[in-house]
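Numbers given in the working numbering equal positions in the sequence shown, counted from 1, plus 241.
Read through the structure below, which is laid out as structure tokens, and then see the notes.
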Amino acid sequence: MIMGSNPVTDFRLVFEKGLRWPIIWVAMLCVIVGCADEVSEPEYIVSPYTEQTIAFFERSSSDDCPNVLETVQIDGNRCILKKQTQPHKICPDKYTLEAVPEKLLSDIVFNKLVMESTAQFDPAVLGKILIAFGTIDATRLELTNLVFNGSSSDNDEHPQTQRPIASICMLNVKELRLFGLSKSVIVWIQGQVVLSGSRMGLAIYCKEDFGDLEVLDWFDAASIARLALCDIDKLDSMECKLLEEGPFPNELVIYGDIPTGPDVSEEIKQILRRKIWKVLTIPMFVWNILVKTFEEGVHPVITTTLVIYLSPGVRMPSLVLKLHQVGANDLIINFHHTKETVTHQDITKVLDWVSRSFIGLRSLSIETKPGAIDGTDLAANNQFEIINIPATSTFLVNEILCRVAYIRTQPLITNPN
242 MIMGSNPVTD FRLVFEKGLR WPIIWVAMLC VIVGCADEVS EPEYIVSPYT
292 EQTIAFFERS SSDDCPNVLE TVQIDGNRCI LKKQTQPHKI CPDKYTLEAV
342 PEKLLSDIVF NKLVMESTAQ FDPAVLGKIL IAFGTIDATR LELTNLVFNG
392 SSSDNDEHPQ TQRPIASICM LNVKELRLFG LSKSVIVWIQ GQVVLSGSRM
442 GLAIYCKEDF GDLEVLDWFD AASIARLALC DIDKLDSMEC KLLEEGPFPN
492 ELVIYGDIPT GPDVSEEIKQ ILRRKIWKVL TIPMFVWNIL VKTFEEGVHP
542 VITTTLVIYL SPGVRMPSLV LKLHQVGAND LIINFHHTKE TVTHQDITKV
592 LDWVSRSFIG LRSLSIETKP GAIDGTDLAA NNQFEIINIP ATSTFLVNEI
642 LCRVAYIRTQ PLITNPN
């Protein structure tokens with residue numbers, strides 16, 4: 242029996258009530274549209290700080306990152322485009338206090354802005370940069386490898402921290418990523434910025450000096466819709482109010498290639514059971530922990546979309562849950578980016594495991610790094626055979642719709658003679 246494709250798409254139609262007088266509504270709409278045209282913002286910024294802002298970014302340029310702000314010529318003057326489409330970088334170690342202008346353009350909307358250092362620097366320089374902007378708008382803001390002069394936090398096992406009190410720069414960001422920052426540097430940054438206007442995703446790559454996740458409680462964002470905790474194997478504890486009391490994010494990502502200690506493992510189990518998640522991403526070794534310790538009749542997790550990624554060297558588990566006890570609609574299995582080639586046999590093994598562990602899924606997707614699977618060959622040979630009843634009729638590999646054939650095995654008949 243071959244399970245055909247049956248893609249499921251959810252649509253939500255929202256209608257406004259109160260259209261009793263359509264002519265009046267149309268007239269009002271025309272007025273609104275007219276007003277919108279009158280107050281529409283220009284695509285460029287006219288400012289006396291244009292040239293010094295351009296020069297400021299050019300100082301952080303490199304061969305792989307020209308760091309040129311996008312501009313237009315207006316009446317013979319160079320103007321910076323309000324919305325920047327290319328990534329830009331600020332390297333604090335390339336500046337002195339004197340090299341940072343007193344004022345930088347704050348009306349720029351960055352697509353991706355990275356603040357990264359390749360050497361130690363005076364934190365006063367970064368403080369002055371933040372003051373000069375006043376407000377930073379960005380779709381994604383990344384703070385990477387920022388190391389202050391005389392910083393000893395990397396040598397302290399768990400540096401003492403206290404809630405910062407000063408705030409000097411407003412951040413309006415959709416996603417904030419913190420790479421390779423010590424706990425004390427994160428605390429310093431929290432004291433320099435205000436996030437109260439940001440409904441954002443937050444990704445933190447944990448370092449050995451973290452100890453626990455207390456720093457999460459000091460982000461004053463309007464809300465954290467998506468939380469990614471990477472390198473959790475470096476933590477002694479996942480203790481923090483955000484994950485114990487909420488408000489919980491809708492999406493949680495837990496990332497780590499090395500199994501954690503027993504205390505952290507127990508905390509992970511408790512965290513995952515506290516909420517019905519919209520999207521939950523966990524490594525296979527965390528899933529194995531859940532499988533081994535689940536209670537009869539209790540869902541180990543409940544989520545709309547469950548993403549399980551395969552860490553290097555981790556095999557598909559032999560243990561499976563009872564089919565009715567997995568609370569997920571859509572399942573994604575993600576091969577690690579270090580897996581250069583994913584074969585037809587690899588995919589079949591995943592399908593077999595899923596069919597034994599899940600039932601009634603809305604969809605199953607398998608994802609790999611680009612180039613790990615020949616897309617042309619997959620499109621031509623998109624049928625996979627397994628000996629268990631498929632968990633779903635909608636199956637995709639790198640967004641290519643595939644088919645699953647259920648091969649019935651014949652029972653072994655012994656010779657009565």
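Even glycine gets a Cβ: it sits at the ideal position worked out from N, Cα and C.
These numbers come from a predicted model, not from an experiment.
So, is GLU581 buried or exposed, given that buried needs 16 or more other C-beta atoms within 10 angstroms? exposed
Are the CB atoms of VAL350 and LYS323 within a distance shorter than 8 Å? yes
Relative to the C-alpha of LEU417, which residue among ILE445, LEU476, CYS643 and ILE517 is closest? ILE445
Mapping DSSP to helix, strand and coil, what is VAL426? helix
When you compare only the Cα positions, how much space is there between GLY375 and ILE409? 7 Å
Where CYS471 and GLY317 are concerned, what is the direct C-alpha to C-alpha distance, given to the nearest angstrom? 49 Å
In its own chain, which residues sit with a C-beta less than 6 Å from the C-beta of GLU508, not counting the 5 before and 5 after it? MET479
Sorted by chain position, which residues of the same chain lie with C-beta nearer than 8 Å to THR359's C-beta, five sequence neighbours on each side aside? CYS332, ASP334 and ASN386
Enumerate in chain order the residues of its own chain whose CB-to-CB distance from GLU383 is below 6 Å, with the five nearest sequence positions on each side excluded. VAL355 and ARG418
Segment limits, beta strand (DSSP E) that includes PRO543: Checking the sequence shown, residue 543 turns out to be Ile, not Pro. 543-551 is the span of the beta strand (DSSP E), which, as asked, contains ILE543.
Do ARG597 and ASN570 have their C-beta atoms within less than 8 Å of each other? no
Provide the residue span of the beta strand (DSSP E) that contains LEU618, from first to last. Just to set this straight, residue 618 is Asp in the shown sequence, not Leu. Not the beta strand (DSSP E): ASP618 falls in the alpha helix (DSSP H), residues 616-621.
Could you check the C-alpha separation between THR545 and GLN433 for me, to the nearest Å? 37 Å
Start-to-end residues for the alpha helix (DSSP H) that takes in ALA296: 291-299
In this structure, what does DSSP give as the bridge partners for ALA373? BP columns for ALA373 are empty, so no partner.
When you compare only the Cα positions, how much space is there between LEU602 and THR291? 54 Å
Could you check the C-alpha separation between ASN614 and ALA646 for me, to the nearest Å? Per the sequence shown, the amino acid found at residue 614 is Ile instead of Asn. Cα-Cα distance, rounded: 20 Å.
Tell me the DSSP bridge mates of PHE351? ALA379
So, are the CB atoms of VAL555 and LEU521 less than 8 Å apart? no
By DSSP, does VAL434 sit in helix, in strand, or in coil? strand
Residue nearest to LYS610 in terms of C-alpha spacing, selected from ASN529, ASN639 and ALA620: ASN639
I'd like to check one pair, VAL456 with VAL428: are the Cβ atoms closer than 8 Å? yes
To the nearest angstrom, how far is the alpha carbon of LYS533 from that of PHE420? 33 Å
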